[in-house]
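Protein chains: 4
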Amino acid sequence: MRVGVLTGGGDCPGLNAVIRSVVRKGVDAYGFDFVGLRDGWLGLLQDVVLPLDIARVRGILPRGGTILGSSRTNPFTHEDGLRRVRDTIAAHDVDALVVIGGEDTLGVAAELSRQGIPLVGVPKTIDNDVAGTDCTFGFDTAVGIATEAIDRLHTTAESHMRALVVEVMGRHSGWIALHAGVAGGGNVILIPERPFDIDQVCEQVKNRFKINYAPIVVVAEGAAPKEGQMIVKDQSVDEFGHARLSGVGEWLAREISERTGKDARTTVLGHVQRGGTPSAFDRWLATRFGLHAIDAVRDGDFGVMVALRGTRIVRVPLADVTAKTKTVDPSLYDEFEVFFG
Amino acid sequence: MRVGVLTGGGDCPGLNAVIRSVVRKGVDAYGFDFVGLRDGWLGLLQDVVLPLDIARVRGILPRGGTILGSSRTNPFTHEDGLRRVRDTIAAHDVDALVVIGGEDTLGVAAELSRQGIPLVGVPKTIDNDVAGTDCTFGFDTAVGIATEAIDRLHTTAESHMRALVVEVMGRHSGWIALHAGVAGGGNVILIPERPFDIDQVCEQVKNRFKINYAPIVVVAEGAAPKEGQMIVKDQSVDEFGHARLSGVGEWLAREISERTGKDARTTVLGHVQRGGTPSAFDRWLATRFGLHAIDAVRDGDFGVMVALRGTRIVRVPLADVTAKTKTVDPSLYDEFEVFFG
Amino acid sequence: MRVGVLTGGGDCPGLNAVIRSVVRKGVDAYGFDFVGLRDGWLGLLQDVVLPLDIARVRGILPRGGTILGSSRTNPFTHEDGLRRVRDTIAAHDVDALVVIGGEDTLGVAAELSRQGIPLVGVPKTIDNDVAGTDCTFGFDTAVGIATEAIDRLHTTAESHMRALVVEVMGRHSGWIALHAGVAGGGNVILIPERPFDIDQVCEQVKNRFKINYAPIVVVAEGAAPKEGQMIVKDQSVDEFGHARLSGVGEWLAREISERTGKDARTTVLGHVQRGGTPSAFDRWLATRFGLHAIDAVRDGDFGVMVALRGTRIVRVPLADVTAKTKTVDPSLYDEFEVFFG
Amino acid sequence: MRVGVLTGGGDCPGLNAVIRSVVRKGVDAYGFDFVGLRDGWLGLLQDVVLPLDIARVRGILPRGGTILGSSRTNPFTHEDGLRRVRDTIAAHDVDALVVIGGEDTLGVAAELSRQGIPLVGVPKTIDNDVAGTDCTFGFDTAVGIATEAIDRLHTTAESHMRALVVEVMGRHSGWIALHAGVAGGGNVILIPERPFDIDQVCEQVKNRFKINYAPIVVVAEGAAPKEGQMIVKDQSVDEFGHARLSGVGEWLAREISERTGKDARTTVLGHVQRGGTPSAFDRWLATRFGLHAIDAVRDGDFGVMVALRGTRIVRVPLADVTAKTKTVDPSLYDEFEVFFG
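Chains as they are written, first to last, in the UniProt record's numbering: chain A, 1 to 341; chain B, 1 to 341; chain C, 1 to 341; chain D, 1 to 341.
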């Protein structure tokens, strides 16, 4: 049996750990052959493959990024994309695919599965917004990096002179902001799921100064104020063609400064959150996902995604999980309200 | 309502995070008063209390250890221990206890609960061996520290000259060894749940040298060879009166060296694994445990322990969880066998 | 003998380590008494003192910030500032001062020394721009944090899709940018001492993409393009009354993106660089500075600053070091040119 | 011009950073060719070479270990070793060598230089015991790792129940123990340069318990008690044929425990101290050493070693530095005595 492996979407610590365990178990336990598809769906579209064997996956467990490359290419946006995917699969005698990716990549996988292509999905995203699994690998690493940054800001906060704003990743969901904000002891946590009131934020900031400790505001890049409050400073378009407001963190620091009379500074962590070695938890989860994904291939159990449920790895239908984004539940957010303000 | 809080057993990163969130929510949301009991059950036995309020818990979220102190005292081993516990509770008008501890501490809590003392338990242990919860706080931090140590050893392993043995914590369960061993890419993982065969270990070591990469052996302090294989080098007694073999790591290095002719070196992490700041995950979990524990107190839902199930915090009867230790399931260990040897 | 201690200027990891060693040696070896002056020169101006003894300095070695507080107050900008300083000194029977600070604080110290006030200076600044010493404590910590951030960006850079800009501290000198840029393997390093040519930066960026690896641009917050190139996007005034351009990092990302057609993203580390625990080197240096400063006090050798020369701690006249800022020598910058572009 | 590069002796973070900068500047600035010699002097003895060019050194800056391999082979212990070295040099048209190593490797280099072989030395050792340079790369990384471990032990020390012993590297010199002990706030620091009195150590331990804080004892692996005090528990022979006492750390814990009645535990860091990514400082120093070494080759200035003096890189005659080991000066050790006990 020959298995093709691909990684799609943005960088995520743990991708290499999945690839390694898929290949190690596939070869050692089941005698499978492997072929790597370069740069996600692009490799299938353009027939670009990489050799993939035990030697190739040695030493990659702790390394960020992906040895297979990645892209955001979607075969269904190309004329005869599906045919070309089928051709590449046939040309290399590939019997099944292991597809490692986030919402977009798994959405394509679900559709290809419906079209009869045998595949198993593995969820990844630092944003933790894939449905059907307790969490995804990459998320714990990102939260750890953001928390460490917040920890360092407390030193300055203790001198009670400045408000400190930290902008973390999360365009559509506030998981990183909420987890890092709670773990780091942030006083204000702003997430995309809940438009904020800038007046109330400034009130919380002022309250904080009163107890001789400066506020730390943790804001997801996708968080936005209530309608009518945002003064758009810069409108640009990101690489996926979406308009985006650049710098809610920078904007918040200016507003806080103007409205409270206190100096405010911003830290924008950016891609620092998705790079470097995966945390121990992410390596553990990614390794288990890989082992269970290749088991599903061996079982001929296609069209599924491996997922974490408690401490067990289960299989869920791809069709079920790609229909929705997992956002932060309001009741979870409210759990922490005693720490805000 | 006045709530007493105590922490029992060994150090564990996250204890302070629990104390903080219990007090913050208890005061701010429910208007409770608090009193700290010093050094675990000892404080109740000897009537030693500490003031505990919002000011006292400020800034402790990222700090290891416990501001309340800890001990391994068991009130039931003292004559009239139960009466003295009741007296202290009465003397300070304490209406309920929040008890944060591992197996032993929670076992006492279960018994006190049966005797009618109103309390809620919070599970803690770096060893992850408390039943009824997916995991305990402190464990993720310990695994992270051990994994980072293993990562560093890979540099030496690449020079393929020496076998490297890492002894990690885990007297009765191999959770830390298994998680850190898998996350760190160890080649041999030895846990208390499964007596090992020293001949087979040496075989794995030799195989590893053949591929020009030195083996990394991760061993839990409580792991032991099959009957008849251990040559007892040093017999001593630990602080709890149990006989213990000192240094399975040191012993392994000597055996490997003698049997394979290769140099072998040992790293013994010791208490390094239970100190320092908790990981972001442990702070998140400890904070949630604290919030839910005080909710249980408010609900008058006593005799329970808060626990993690998937992404939810639930309440489980203390009587159910203190009857057994959670050890590593053989099927979980076997999941990783393609990486061994 | 009674010694007053104060810390002035911005946060800097290692301040507490100096305070601790000054007090430990002063008390244990020389039998001195101590008094802390709150918030730098402000404490002397307004007669706000703190008790300072062995118990007070216990456990502060690894902690960022300063237990004495800090400010940027300059007594010479207050009418009768000098008289009030003398009054506070007299009121508390202070025989000598230990003044821990950067350029501004030490400049005041030099002037007070000229006016006859017995004091010893200790240089601190994460920017490393105090003259007369090989380096200052705080700098190594800041460089370490910035380097770790750059390390993480390499993961994304390997996917060769985006230019990555990291803005680090350094308003007037490029020490952090140069050290972290070299240690992190940055391809473009921009410092205040050398106005840059945006066209040349974009050329280097394009060259880097050609070798299938994205560029990492490390820029000091005070770096600026050659005259005529900067399009001022936002003009604001910082807390010290200086006009400042906000966000050379953000500006660079936009320019690079527009001029090269490649996506570019920015990380702004901000105050993360000056918080948290000091590195081992900074603790070592700060501890030695403290020990030698109190020796100078004991010797009655006033008007000097302790300084690092090679591996030795020496004393240099404050008057010599406060006349100039230590900027990056062009020949040192040029040493690394083979790595640029 | 063709330059051969080799690395000898034990692992040391920063070796790859030197190789990278030697090659980058050699190729880009001077147009040199390079050849790598495998496993230190062994490569020259047995004519085993590796290709070495810009592509080969890409990405190695942050990686521990050495891409050229290393060994402790000494050509002068082989009959006709010198002739074979000359033969290999001639066979590959090598015009000069860059030799990166510690005391032993540089000693061989000094002798080969006397025999007319053109070479430049670069000092490396985590132990910091090479004379003629303020410090060596690798040392800062090792001290940082040991300090972080000590930091974590303070959490347990605060519970004042146990004495904690940390054994760090340093067979012949106490640099790591002294720096990490001072930076980590150790109460007892034991180094090979100064035989210790076990009675006095136990006295210090007892004093520490009296102030409700447990002692942290930092001991270099080569430290030993005064004559007559050591009860030899285990005598073994290390890989270099020297007899060594195994485990001064383990021995100390037992003695402390028996003599003071307090529980004592040991952490043995072992090879963890020499692995993993180099610190920012070590990368900076290693990079500069490499750049200056290839400059010396270009200048035809052979028989020298590059060295750090203050902030400058200088060249010193190899003959001067290999005659002696740099041990800890008693006056430096005594500088810190107020912190002991």
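Think of the CB as a built atom: it goes at the ideal place given N, C-alpha and C, for glycine as much as any other residue. Here the structure is a predicted model, which is why all the values come from computation and not from measurement.
Please name the residue, chosen from the options, that lies closest to residue i on a Cα-to-Cα basis.
i      : options                        : result
C/T147 : C/G181, C/F137, C/T125, C/M169 : C/G181
C/V99  : C/R259, C/R56, C/G8, C/V314    : C/G8
A/D47  : A/A55, A/V57, A/G36            : A/G36
A/C135 : A/M305, A/A319, A/F339, A/T156 : A/M305
D/V328 : D/D28, D/R24, D/G170           : D/G170
A/F336 : B/S70, B/E250, B/L291          : B/L291
C/R315 : C/I294, C/V272, C/F34, C/A323  : C/I294
C/L68  : C/G101, C/T260, C/V94, C/L106  : C/G101
D/H271 : B/T155, B/K226, B/N207, B/E193 : B/T155
D/G107 : D/P123, D/D93, D/V94           : D/P123
Would residue i pass as a contact of residue j if the rule is Cβ separation under 8 Å?
i                      : j      : result
residue 347 of chain A : A/F209 : Here chain A has residues from 1 to 341 only, and residue 347 of chain A is not among them.
B/G116                 : B/T73  : no
C/D11                  : C/G59  : no
D/L269                 : D/V217 : no
D/L164                 : D/A214 : yes
A/L153                 : C/G275 : yes
A/I145                 : A/G186 : no
D/E167                 : D/T325 : no
D/V321                 : D/A109 : no
C/V18                  : C/F302 : no
B/T281                 : A/D140 : According to the sequence displayed, residue 281 of chain B carries Phe and not Thr. Taking 8 Å as the Cβ cut-off, B/F281 and A/D140 qualify as a contacting pair.
A/L44                  : A/T88  : yes
A/A183                 : A/V143 : yes
B/G254                 : B/R162 : Gly is not the amino acid found at residue 254 of chain B; the sequence shown has Arg there. Cβ atoms of B/R254 and B/R162: not closer than 8 Å.
B/P118                 : B/D93  : no
A/V22                  : A/D53  : no
Looking only at DSSP bridge pairs, what is residue i linked to?
i      : result
C/M305 : C/G121, C/V316
A/R2   : A/D33
D/D263 : D/R162
A/T325 : A/V130
B/E167 : B/V219, B/V268
B/G98  : Sequence check: residue 98 of chain B is Val here, not Gly. Answer is B/V5, B/V120, bridged to B/V98.
B/F137 : B/K124
Closer than 7 Å, Cβ to any Cβ of chain B: which residues of the segment 254 to 272 of chain D, in chain order?
Listed by position, the residues of the segment 254 to 272 of chain D near chain B (Cβ gap below 7 Å) are D263, R265, T266, T267, V268, L269, G270, H271, V272.
What are the residues of the segment 156 to 174 of chain C that lie near chain A, defined by any Cβ-Cβ distance shorter than 7 Å?
Listed by position along the chain: T156, E158, S159, L164.
Closer than 7 Å between beta carbons: that is the criterion. Which residues of the segment 131 to 155 of chain D meet it against chain C?
Taking 7 Å as the Cβ-Cβ cut-off against chain C, the residues of the segment 131 to 155 of chain D that qualify are D134, D140, V143, G144, T147, D151.
List, from N- to C-terminal side, the beta strand (DSSP E) runs of 3 residues or more that fit wholly inside the segment 5 to 90 of chain D.
Counting whole runs of 3 or more residues, the segment 5 to 90 of chain D contains the beta strand (DSSP E) stretches 33 to 37, 49 to 51.
Please identify, using Cβ separations under 9 Å, the residues of the segment 70 to 88 of chain C that lie next to chain F, in order along the chain.
Considering every chain present, this structure includes no chain F. Its protein chains are A, B, C and D.
Beta strand (DSSP E) segments (min. 3 residues) lying fully within the segment 171 to 237 of chain A
The qualifying runs are 188 to 190, 216 to 220, 235 to 237.
To be precise: take each residue of the segment 277 to 289 of chain B, compare its Cβ to all Cβ atoms of chain A, and keep it if any distance is under 8 Å. Which residues remain?
The residues in question are T277, S279, A280, F281, R283, W284, T287, R288.
Chain-ordered residues of the segment 9 to 24 of chain D with a beta carbon less than 9 Å from chain B
Within the segment 9 to 24 of chain D, the residues whose Cβ lies closer than 9 Å to some Cβ of chain B are G10, D11, P13, listed in chain order.
Positions along the segment 175 to 189 of chain C whose CB lies within less than 8 Å of some CB in chain D:
Residues H179, A180, V182, A183, G184, G185.
Contact residues within the segment 54 to 68 of chain D, judged by C-beta distance below 9 Å to chain B:
The segment 54 to 68 of chain D vs chain B, Cβ under 9 Å: R63, G64, G65, T66.
When Cβ atoms are compared, which residues of the segment 302 to 319 of chain D fall closer than 7 Å to chain C?
So the close ones are R309, G310, T311.
When Cβ atoms are compared, which residues of the segment 31 to 50 of chain D fall closer than 9 Å to chain C?
Going along the segment 31 to 50 of chain D in chain order, one finds no residue with a Cβ nearer than 9 Å to chain C.
Could you name the residues of the segment 201 to 212 of chain C whose beta carbon sits closer than 7 Å to any beta carbon of chain A, in the order they occur along the chain?
Residues of the segment 201 to 212 of chain C with a C-beta less than 7 Å from any C-beta of chain A: none at all.
Against chain A, which members of the segment 319 to 340 of chain B pass a CB distance test of less than 8 Å?
So the list reads E335, F336, V338, F339, given in the order they occur along the chain.
Got a sec: which bits of the segment 93 to 123 of chain B sit with their beta carbon under 7 Å from any beta carbon on chain A, in order along the chain?
From the segment 93 to 123 of chain B, no residue has a Cβ closer than 7 Å to chain A.
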